[in-house]
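Comments concern the structure below.
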Ligand code: SF4
Ligand code: SF4
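Numbering (UniProt numbering), first residue to last: 1 to 431.
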């Protein structure tokens with residue numbers, strides 16, 4: 001082994017002896033930006049994270065709803081009006097439901113409520129309404145909550161992708177899209193994007209040298225495991241599958257995000273990258289300006305040009321600020337109407353109320369607020385093609401770097417305190 005390599009066991013031993021250097025990707029990148037050269041000896045583990053819309057999510061629940069022999073089996077079930085798939089186990093005559101719920105399922109009654117909202121409310125411990133149709137044709141409803149769920153696990157079929165894309169709409173007409181929280185305005189007048197740039201887990205380990213099947217990670221604040229590659233993963237655009245128990249998740253990391261094409265689901269991953277060789281470190285020291293951001297047409301995702309993540313994460317405000325004193329008490333609060341997280345409420349005669357725990361820092365309110373009570377610099381996409389060269393303002397961020405930073409920080413604390421052990425993959429992933 002060269003002096004630019006370490007084993008997982010060596011790293012964990014150093015952690016156990018209190019001698020390891022564990023840094024967040026943000027800390028490393030800030031040192032690189034300030035001109036420091038980071039050497040192999042300077043760091044043992046880097047914590048990375050991402051928080052954003054991750055549509056490929058489902059949850060499996062199992063809980064009792066009636067006494068044994070009360071009904072044969074369920075044929076259809078809704079949780080808070082969100083449809084669930086019954087099974088796979090029928091649990092015949094047991095009075096117990098096994099259910100699969102898609103994170104992208106939509107409520108049958110509320111267009112602004114879906115699986116993402118439901119999962120957060122379950123984790124918050126709120127009572128959940130269960131509506132059941134049995135194979136005998138009977139209907140009944142009851143309530144449950146996470147404490148009464150013997151099984152509640154969240155699975156990612158397509159999570160933690162290696163950054164993503166920026167979107168623009170080049171045509172005249174506005175259109176609805178899952179990549180915008182309002183109608184996507186045309187004529188290259190605005191941009192949205194996804195991806196936490198230099199913080200992103202796979203961006204820091206693009207060849208998956210340390211992230212593999214069985215790697216321990218944090219999903220929505222709880223311990224979880226990588227199950228392999230996710231759907232539509234490709235060598236150029238890899239993503240991961242994984243799972244974690246919902247009983248110990250942290251609601252702040254989850255939620256529903258209402259796009260103009262309906263509710264979507266948010267998740268947060270934090271992933272440790274053990275610095276096992278120089279090659280890994282060479283990726284870790286890449287900063288936002290080194291990381292490509294492809295700009296695509298939101299219709300069909302046709303590539304238009306390329307820029308980098310510095311456009312959207314350097315010299316911007318990660319947090320959106322609200323000044324209640326600036327609120328002019330509009331007859332209709334456009335921010336309340338359009339906030340994708342439902343984080344703003346307004347009663348006539350009062351300033352609007354902003355819930356920072358629910359807020360995703362997407363930034364839409366900074367363009368929608370009549371009184372300019374919400375503010376944040378969101379950056380501009382440097383759009384450059386043979387026909388057009390211009391800066392296109394970002395109006396919606398579909399990644400929350402602020403909470404990704406928090407997740408990376410919490411993982412660092414857990415590693416240093418011995419609550420999170422570094423693990424070698426059970427099996428390596430071939431990209
Ligand atoms: S749009 Fe802005 S100024 Fe108007 S009520 Fe809402 S928060 Fe206040
Ligand atoms: S940034 Fe504004 S629009 Fe976005 S979630 Fe927060 S309050 Fe809502």
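C-beta atoms are modelled at their ideal positions from N, C-alpha and C, and glycine is treated no differently.
Beta carbon of residue i, beta carbon of residue j: below 7 Å?
| i | j | result |
| --- | --- | --- |
| residue 148 | residue 63 | yes |
| residue 44 | residue 20 | yes |
| residue 321 | residue 381 | no |
| residue 288 | residue 325 | no |
| residue 58 | residue 102 | yes |
| residue 215 | residue 425 | yes |
| residue 160 | residue 191 | no |
| residue 199 | residue 310 | no |
| residue 46 | residue 284 | yes |
| residue 407 | residue 268 | yes |
| residue 80 | residue 109 | no |
| residue 433 | residue 154 | With the chain covering 1 to 431 only, the question about residue 433 has no answer from this structure. |
| residue 213 | residue 427 | yes |
| residue 195 | residue 151 | no |
| residue 100 | residue 122 | no |
| residue 400 | residue 374 | no |
| residue 263 | residue 431 | no |
| residue 40 | residue 278 | yes |
| residue 175 | residue 392 | no |
| residue 135 | residue 144 | no |
| residue 169 | residue 186 | yes |
| residue 193 | residue 298 | no |
| residue 280 | residue 197 | no |
| residue 22 | residue 266 | no |
With 16 as the cutoff for other CB atoms within 10 Å, does residue i come out buried or exposed?
| i | result |
| --- | --- |
| residue 67 | exposed |
| residue 412 | buried |
| residue 78 | buried |
| residue 377 | exposed |
| residue 354 | buried |
| residue 403 | buried |
| residue 140 | exposed |
| residue 417 | exposed |
| residue 357 | exposed |
| residue 111 | exposed |
| residue 171 | exposed |
| residue 183 | exposed |
| residue 303 | exposed |
| residue 12 | buried |
| residue 456 | Since the first residue shown for the chain is 1 and the last is 431, residue 456 is missing from the structure and cannot be characterised. |
| residue 233 | buried |
| residue 419 | exposed |
| residue 7 | exposed |
| residue 29 | buried |
| residue 104 | buried |
| residue 88 | exposed |
| residue 235 | exposed |
| residue 137 | exposed |
Assuming residue i contacts residue j (C-beta within less than 8 Å), just tell me the rounded distance between them.
| i | j | result |
| --- | --- | --- |
| residue 219 | residue 242 | 6 Å |
| residue 162 | residue 206 | 7 Å |
| residue 228 | residue 244 | The Cβ separation is near 15 Å, so there is no contact. |
| residue 75 | residue 86 | 7 Å |
| residue 177 | residue 84 | No, residue 177 and residue 84 are not in contact; Cβ-Cβ is about 27 Å, not under 8 Å. |
| residue 422 | residue 15 | 7 Å |
| residue 368 | residue 335 | 5 Å |
| residue 383 | residue 295 | 6 Å |
| residue 202 | residue 226 | Rounded, the Cβ-Cβ distance is 11 Å, inconsistent with contact. |
| residue 156 | residue 35 | The pair is not a contact, with the Cβ atoms about 38 Å apart (cut-off 8 Å). |
Of all Cβ atoms in chain D, is any one closer than 7 Å to the Cβ of residue i?
| i | result |
| --- | --- |
| residue 362 | The structure shown has no chain D; it contains just one protein chain. |
Would you say the beta carbon of residue i comes nearer than 6 Å to a heavy atom of ligand 3?
| i | result |
| --- | --- |
| residue 184 | Ligands present in the displayed structure are limited to ligand 1 and ligand 2, and ligand 3 is not among them. |
*Note down, one range per segment and in chain order, each beta strand (DSSP E) of at least 3 residues found wholly within the stretch 376 to 411.*
380 to 384, 389 to 397
*Answer yes if the stretch 358 to 366 comes into contact with the stretch 386 to 399, meaning at least three C-beta pairs across the two stretches below 8 Å, and no otherwise.*
yes
*Is it true that the stretch 251 to 259 meets the stretch 100 to 118, where meeting means three or more beta-carbon pairs spaced less than 8 Å apart?*
yes
*asked:* Using 8 Å as the cut-off, can you tell me whether the stretch 237 to 253 makes contact with the stretch 91 to 98, which would need three or more C-beta pairs spanning the two stretches below that distance?
replied: no
*Just checking, does the stretch 260 to 279 make contact with the stretch 125 to 137 on the three C-beta pairs under 8 Å criterion?*
no
*Tell me the start and end of each unbroken alpha helix (DSSP H) in the stretch 3 to 29 that is at least 4 residues and wholly inside, in chain order.*
8 to 16
*Complete runs of the beta strand (DSSP E) confined to the stretch 165 to 199 [at least 3 residues]*: 165 to 168, 191 to 193
*Uninterrupted beta strand (DSSP E) stretches inside the stretch 239 to 324 (no shorter than 3 residues)*: 240 to 245, 255 to 259, 262 to 274, 292 to 297, 303 to 308
*asked:* Taking 8 Å as the cut-off, does the stretch 327 to 335 touch the stretch 346 to 353 (at least 3 CB pairs, one atom from each stretch)?
replied: yes
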